[in-house]
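Residues in the sequence shown are numbered consecutively from 0, following numbering that gives the first Met the number 0.
A virtual CB, placed ideally from N, CA and C, is assigned to each residue, including glycine.
Remember, it's a predicted structure, so these values are computed and weren't measured experimentally.
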Amino acid sequence: MATKSFTEQHILSAMTVLWLEKKGFTVIPKTNIAVSISRSAMLNKQIDMTWEYTGSSLIIFNHITTPMSSKQAYDTVRRLDAGLGLVWLNPAPMNNTYAFAMQRKRARQERITTVSQLVARIEQIRQQDAEHNWMLGLDLEFAGRSDGLQPLQKLYGLQLDRPQIRQMDPGLVYNAIRDGFVEAGLVYTTDGRVKGFDLQILEDDKHFFPSYNVTPVVRKEVLAANPGLAAALNQLSALLTNEAITDMNKRVDIDHQSPQQVAHDFLQAKGML
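Below, the structure written as structure tokens:
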């Protein structure tokens with residue numbers, strides 16, 4: 000089993016090992032594997048399974064950028080990978096996609112819950128009090144991507160003067176929102192700092208950002224050789240909501256607990272260990 004090099008995937012790895020071993024399977028975890036390497040290893044039968052995101056498969060592996068619903072994205076990648084001998088099991092409810100976030104207190108004061116409301120407020124300030132224009136924190140990649148800031152501005156009618164865009168390392172965006180350096184910023188919806196810093200995720204009401212539902216992907220022949228494996232992984236996948244994974248990410252990144260301990264506690268609380 001291969002997982003990638005960030006907290007959420009470390010937790011998924013630990014959880015999978017604990018659960019599948021409880022169900023009688025032998026699991027050899029390989030962590031910190033790059034996306035492209037993991038994909039090649041799966042196709043070359045060097046790795047049996049991974050936890051993949053629908054949006055990553057859609058965009059990175061298949062170069063499809065057409066807007067789709069979560070179900071359409073899942074159905075598409077499942078169909079495309081079936082021909083390669085890779086089986087997408089049931090997607091988790093969690094969706095680790097991009098989103099704009101604000102300080103929860105600030106969002107409540109401004110009565111902002113959606114990106115459209117954020118855009119309207121930004122424009123209102125630009126028109127009425129330009130000396131105090133709102134600032135947006137964005138990572139460098141998103142600001143320059145062809146499917147990033149410019150098409151988002153077009154869809155939402157977001158007008159920004161250049162000084163309003165604060166480009167920074169993705170990890171610093173969370174701190175910038177928390178500390179009031181920017182009024183809003185681009186984050187990942189399941190990052191532990193969303194909960195740890197008490198940030199409010201704004202609804203992407205025009206559905207710009209693709210879905211990134213994490214899903215167990217297993218080679219077809221491995222499933223055939225291991226009866227019960229698909230059912231066990233589907234049972235685990237069903238538990239992974241945004242709330243659950245964000246809390247676990249927070250416990251690792253903010254509270255400095257180990258992924259193994261966090262995974263164990265979660266499964267135990269669910270009566271699975």
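When DSSP labels each residue in this structure, what does W18 get in the three-state scheme? Against the sequence shown, residue 18 aligns to sequence position 19. Correct three-state label for W18: helix.
Per DSSP, which one or two residues make a beta bridge with R105? On the sequence shown, residue 105 is found 106 positions in, with the first residue counted as 1. Answer is none; R105 lacks a bridge partner.
Inter-stretch contact (C-beta, 8 Å, three-pair minimum) for the region 14-22 and the region 30-37: no
Below 9 Å between beta carbons: does that hold for L201 and Q116? In the sequence shown, residue 201 corresponds to position 202, counting from 1. In the sequence shown, residue 116 corresponds to position 117, counting from 1. It is a contact, given that the beta carbons lie within the stated cut-off.
With DSSP as the reference, label L139 as helix, strand or coil. Numbered from its first residue, the sequence shown carries residue 139 at position 140. Helix, per DSSP.
For T96, collect the residues of the same chain with a Cβ closer than 7 Å to its Cβ; drop the 5 residues on either side in sequence, then sort them by chain order. Here the question's residue 96 lines up with position 97 in the sequence shown. Beyond the five residues adjoining it in sequence on each side, T96 comes within less than 7 Å, by CB distance, of G54, T188, F208, P209, S210 and Y211 in the same chain, given in chain order.
Based on Cα-Cα distance, which residue from A224, A229 and K194 lies nearest to D252? Position 253 of the sequence shown, counting from 1, holds the residue named residue 252. The shortest Cα separation from D252 among A224, A229 and K194 belongs to K194.
What separation, rounded to the nearest whole angstrom, lies between the Cα atoms of G156 and R110? The residue you call residue 156 lines up with position 157 of the sequence shown. The residue you call residue 110 lines up with position 111 of the sequence shown. If you take the alpha carbons of G156 and R110, they lie about 20 Å apart.
Beta bridge counterpart(s) of R165 as assigned by DSSP: For the purposes of this step, residue 165 is taken as the residue at position 166 of the sequence shown. Bridge partners of R165: G136.
Could you tell me the distance, in whole angstroms, from the CA atom of T245 to the CA atom of Y173? Position 246 of the sequence shown, counted from the start, is the residue given in the question as residue 245. Position 174 of the sequence shown, counted from the start, is the residue given in the question as residue 173. Using only the alpha carbons, I get a separation of about 14 Å.
Any idea which residues DSSP pairs T49 with across the strands? Indexing the sequence shown from 1 puts residue 49 at position 50. Looking at the DSSP assignment, T49 forms a beta bridge with A1 and V216.
State the DSSP-derived secondary structure class of G82, mapped to helix, strand or coil. As a position in the sequence shown, residue 82 is number 83, starting the count at 1. In the structure shown, G82 sits in coil (DSSP, three-state: anything other than H, G, I, E or B).
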